[in-house]
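Novice: Chain order of the listed sequences is S and B. Positions 1 to 297 (the working numbering) are the ones given, in order, by the first sequence. Positions 1001 to 1435 (the working numbering) are the ones given, in order, by the second sequence. Positions of the beta carbon are idealized from the N, C-alpha and C atoms, including for glycine. I am attaching a structure below and will ask some questions about it afterwards.
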Amino acid sequence: MSEYLRKILYLISFTAVGVTISSAQDRPSISPYFQLQYFKNTKDQAYLQTTLTYSLNRIELPLPGMVISFYTGEKRDLPLGTVMTDEDGIAKLPLDGKVRLPFGADGQWTFNSVFDGNDTIDQVAADISVVNMDLEITLSKVDSIKKIELKASSQINGKKVPVIGEVVIIYVTRMFSLLPVGEITFDDNGTGTIDFPSDLPGDENGNITILAKIEENPTYGNIEKRVTERWGLPTSYTVPETHRALWTKTPPMWMIITLSILLSGVWGHYIFAIISLILIRTDAKRKKVNDEYKIKV
Amino acid sequence: MQADRKLLYDLTPELTRTSTRWYITFFIFFAFFAFGIYALILQIDKGHIVTGMRDNVVWGFYIVNFIFFMGLSYSGALISGVLHLFHTAWRKPVIRLAELITVISLVIGPFFIFFCIGRLDRLYFLFIYPRIQSPITWDVIAISTDLVGCFIYLYLSFVEDFAILRDFDELNVAPWKKKLYRILSLGYSGTPRQRKLLSNARTIMSAMIIAIAIIVYSVLAWIFGVTLQPGWHSTIFGPYFVIAAVFSGTGLLIILMWIFRKIYHLEEYITKRHFVNVGVLLTIIAAFYGYFTFSDYLTKWYGSIKMDSILIDKLFNQYYSLFIFANYIGILLPGIIIAIPKFRTIPNITIAAIIALLALWVNRYIIVIPTLETPFLPVQDPRPDWIKYTPTWVEWALTMAGVSIFAMLFMLVSKIAPVISISEMQGKDQSEIMK
């Protein structure tokens, strides 16, 4: 009997294991989107950024808490470090200069990032090659015309060479987004100049932030330079408090008057009705006193 | 204060005894109400995700119910105010019902706004940071003003009855009820001065209540009308809403007349003539309401503004059945039933009223929902539930709870005071009233 029971238990166990394995195998794994980018900000601080996301019902959702490994070299020769993705699925690795980055044959750096995957998410990897670009921005005034000059150079095999033919967009910051005001194409010397418009509003002191941006460039990645200068028109955004409108704190006078007349009219009648009820009560009390007096007399 | 004894014997039995059927009916309504409370707790716990409302369609059943109940309230005020002001003789058996519709609906309606608000904890901001430029602020002021006015008006109509009930020695009710009658009657004994004071107050309040009802329901309509949404941005929305409200209220009045006539055996007081009179009123209002509806949609259709055209196309396709029911069957059928003398029986008029009431609720639905399902900007990720509103069981449960509490309050009030005003009925030419 016990042998028979044992056989049944074995059978149930094997079936359970089999079902578990097959269900695990059947479970669809996530194929994430993986992007590696190179950034260099206005302080010449470079960093690598990896974005790990996946698609669910056609919505791109982040994968937070995943460990991303960064490498440099064409064959992932040198590990740069590991970073965990944040709540937006982004992992950033600063290139702080402590590691000497090996140059490739054309003087470029090659970076790799790898996500090793897990039970539910597929392994993914990406690589990019970038050439280090040094971008300089100079603001000047020539006969009261405001000019923006850019100069760009790169290091190839230890030599400083001008960047030729690349396009840089010039923006100014606005409340919600960047406003493009022109573009510069580098000449043979790696320089370019544009006139800056003189009628752009700035803050109350006329300060305006100017940006030169190279975005998603296949050779140089993402480079940005920004500078703040008093090149805008001073603007005051304060609305006079006395201004009456639908959208200000103080409503139009006609609204206050209309509402006041309506409410006082209505509540005046309510008060009349309530006073009438009070008088009915008073009359009843007076009648009661009179009746008691008559009875006594 | 003495009253016609026959009237007292006929109208007060329901105050002294409560049948098993009454308890069962009350319990059924209470069960629906309790289920609604469960749904509400679930909604508070889980959030609005348990409803069909989403980012795009932010208003659903709750706003529809809010407009519907508020409409019933204002129509009750209008009907009772007009009938009182013009001293219509046949009004007397039905005016109390209209007054009760006013107050009970007005108490229930605003709760649906609370169900709709995501951050109830910030509700008091409406009072501490009011902006009188906002129609929402107008609505808060208007509803609270109307609520106070309706309570005063209802109370004024009850004072004489409370005095009669207080002085009716043979009324075998609980001591607390007697005490309540004594307190609420304010010592009224019908002296000439008291009569004059009460009469003046009632006349003024009846006129006031008509004006308030029109203004307040117009304000509610303007919440929609002042927006630039397709289907809502209409200059006739104010009067259109008021007429629609009276239409639904008249329908409800007929239904309540039928119910209370049946269960409280008031056949002698609420006669076929009353049904026909209120029914004719319903037909006349249906004609106006139909005219406003046609006018509103015609101008939108003829104007051919892109979003209006999309909306009208949606109404005639996606919402075809509801649109036909609300704006054709709901208007024409009650009119036909009541207009043809052969069909004018009490059950037929009541059926016409039920159709009118349901049609009006559906009309509110197709005013609110299809517009929100027609956004100006295309939605990037058109998941069905972001665009298409589908009410969940939670919303159905709270809707049923609203209907149930309406019925329960009516049942409870009918145990405190007669549903036909004794003071209105007594001392008049009974034959004139019954006509």
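Under the three-state reduction of DSSP, which class applies to Phe1127(B): helix, strand or coil?
Specialist: The answer is helix: DSSP assigns Phe1127(B) an H, G or I state.
Novice: Taking the alpha carbon of Ile1209(B) as the reference point, which residue from Lys1342(B), Phe1029(B), Leu1085(B) has its own alpha carbon closest?
Specialist: Among Lys1342(B), Phe1029(B), Leu1085(B), the Cα nearest to that of Ile1209(B) is on Leu1085(B).
Novice: Judging by CA-CA distance, which residue of Lys98(S), Phe70(S), Ile156(S), Ile170(S) is the nearest neighbour of Val124(S)?
Specialist: Per the Cα distances, Phe70(S).
Novice: By how many angstroms is the C-alpha of Pro1093(B) removed from the C-alpha of Ile1433(B)?
Specialist: Residue confidence is low: Ile1433(B) scores 45 on pLDDT, short of 50, so the model does not pin down where it sits. No coordinate-derived value is stated.
Novice: Below 7 Å CB to CB, which residues in the same chain sit around Asp195(S) once its five sequence neighbours on both sides are set aside?
Specialist: Hits under 7 Å: Ile145, Lys146, Lys147.
Novice: Work out the CA separation of Leu1282(B) and Tyr1297(B) for me, nearest whole Å.
Specialist: One C-alpha to the other measures close to 22 Å.
Novice: Are at least three pairs of beta-carbons, each pair with one atom in the segment 1200–1207 of chain B and one in the segment 1056–1065 of chain B, less than 8 Å apart?
Specialist: Flag = no, the segment 1200–1207 of chain B and the segment 1056–1065 of chain B do not touch.
Novice: Taking any Cβ of chain S, which residues in the segment 1159–1193 of chain B have a Cβ under 9 Å from it, in chain order?
Specialist: Answer in chain order: Val1159, Ser1185, Leu1186, Gly1187, Tyr1188, Ser1189, Thr1191, Arg1193.
Novice: Just checking my contact of Leu1186(B) with Ile1420(B) at CB under 8 Å: how many whole Å lie between their CB atoms?
Specialist: Actually they do not touch by this definition, with Cβ atoms about 22 Å apart.
Novice: Could you tell me which of Pro32(S), Thr228(S), Val142(S), Arg58(S) sits nearest to Asp122(S), measuring between CA atoms?
Specialist: Of Pro32(S), Thr228(S), Val142(S), Arg58(S), the residue nearest in Cα terms is Pro32(S).
Novice: Can you name the residues that DSSP bridges to Gln1426(B)?
Specialist: Answer is none; Gln1426(B) lacks a bridge partner.
Novice: Helix or strand or just coil, what does DSSP make of Ile1340(B)?
Specialist: Correct three-state label for Ile1340(B): coil.
Novice: Below 8 Å on the Cβ atoms is my contact criterion, and I expect Ser1075(B) with Thr1250(B) to pass it. Report the Cβ-Cβ distance as a whole number of Å.
Specialist: That belief holds up - the Cβ atoms of Ser1075(B) and Thr1250(B) are roughly 7 Å apart, short of 8 Å.
Novice: Between Pro251(S), Tyr47(S), Ile59(S), Tyr54(S), which has its C-alpha nearest Gly81(S)'s C-alpha?
Specialist: Nearest option by C-alpha distance: Tyr47(S).
Novice: Between the beta-carbon of Lys151(S) and the beta-carbon of Thr191(S), is there less than 7 Å?
Specialist: Yes, Cβ-Cβ distance for Lys151(S) and Thr191(S) is below 7 Å.
Novice: Could you check if Leu52(S) is buried or exposed, using at least 16 other CB atoms within 10 Å of its CB as the buried criterion?
Specialist: Answer is buried; the Cβ neighbour count reaches 16.
Novice: Could you have a look at Met84(S) and say whether DSSP puts it in helix, strand or coil?
Specialist: In this structure, Met84(S) counts as strand in the three-state DSSP scheme.
Novice: Quick one: what does DSSP say Ser22(S) is sitting in, helix, strand or coil?
Specialist: Low confidence applies here, because Ser22(S) scores a pLDDT of 49, under 50, leaving its location unreliable and the question unanswered by this model.
Novice: For Glu60(S), count the other beta carbons within 10 Å of its own beta carbon; 16 or more makes it buried, fewer makes it exposed. Which is it?
Specialist: With fewer than 16 other Cβ atoms within 10 Å, it is exposed.
Novice: Between Ala1397(B), Glu1395(B), Thr1374(B), Leu1398(B), which lies nearest to Ile1387(B) when the distance is taken from Cα to Cα?
Specialist: Selected option, being the one with the closest Cα: Thr1374(B).
Novice: Going by DSSP, what residue range makes up the beta strand (DSSP E) through Val172(S)?
Specialist: From DSSP, the beta strand (DSSP E) with Val172(S) extends over 167–173.
Novice: Would Tyr270(S) count as contacting chain B if we go by Cβ distances under 7 Å?
Specialist: Yes, because at least one Cβ of chain B sits closer than 7 Å to the Cβ of Tyr270(S).
Novice: Any beta carbon from chain B within less than 7 Å of Ala24(S)'s own beta carbon?
Specialist: Only weak support is given to the placement of Ala24(S): the predicted model assigns it a pLDDT of 47, under 50, and the question is left unresolved by the model.
Novice: Can you give the Cα-Cα distance for Gly1036(B) and Phe1115(B), rounded to whole angstroms?
Specialist: Roughly 11 Å between the two C-alpha positions.
Novice: Which value, in whole angstroms, describes the spacing of the CA atoms of Trp1176(B) and Ile1183(B)?
Specialist: C-alpha separation (whole angstroms): 10 Å.
Novice: Since Tyr220(S) and Val114(S) are thought to touch, with beta carbons under 8 Å apart, how far apart are those beta carbons, to the nearest angstrom?
Specialist: Wrong, their Cβ atoms sit about 23 Å apart, outside the cutoff.
Novice: On a Cα-Cα basis, can you pick out the residue from Leu1220(B), Gln1426(B), Ile1041(B), Asn1317(B) that is closest to Ser1144(B)?
Specialist: Among Leu1220(B), Gln1426(B), Ile1041(B), Asn1317(B), the Cα nearest to that of Ser1144(B) belongs to Leu1220(B).
Novice: So Gln1043(B) is in the alpha helix (DSSP H); what residue range does that whole segment cover?
Specialist: Taken as a continuous stretch (DSSP letters only), the alpha helix (DSSP H) holding Gln1043(B) covers 1020–1046.
Novice: When Cβ atoms are compared, which residues of the segment 44–61 of chain S fall closer than 8 Å to chain B?
Specialist: Taking 8 Å as the Cβ-Cβ cut-off against chain B, the residues of the segment 44–61 of chain S that qualify are Asn57, Arg58, Ile59.
Novice: Give the residues of chain S in contact with Thr1145(B), contact being defined as C-beta atoms less than 8 Å apart.
Specialist: Ordered by position in chain S, the residues that pass the 8 Å Cβ test against Thr1145(B) are Leu263, Val266, Trp267.
Novice: Taking 7 Å as the threshold (beta carbon to beta carbon), is Asp283(S) in contact with chain B?
Specialist: It does: the Cβ of Asp283(S) has a partner Cβ on chain B nearer than 7 Å.
Novice: Quick check: the segment 1160–1176 of chain B against the segment 1215–1235 of chain B, are at least 3 beta-carbon pairs closer than 8 Å?
Specialist: Verdict: no, contact absent.
Novice: Within 10 angstroms of its Cβ, does Ser23(S) collect 16 or more other Cβ (buried), or is it exposed?
Specialist: Caution is warranted here: a pLDDT of 48 is assigned to Ser23(S), below 50, making its placement in the model unreliable, and the coordinate value is therefore given only provisionally. Burial call: exposed.
Novice: In three-state DSSP terms, what is Ala1407(B)?
Specialist: Residue state, collapsed to three classes: helix.
Novice: Should the segment 261–269 of chain S be regarded as contacting the segment 1157–1170 of chain B, the criterion being three or more beta carbon pairs within less than 8 Å?
Specialist: No, the segment 261–269 of chain S does not touch the segment 1157–1170 of chain B.
Novice: Quick one: complete alpha helix (DSSP H) runs, 4+ long, within the segment 1350–1420 of chain B?
Specialist: Within the segment 1350–1420 of chain B, the complete alpha helix (DSSP H) runs of at least 4 residues are 1384–1387, 1393–1413.
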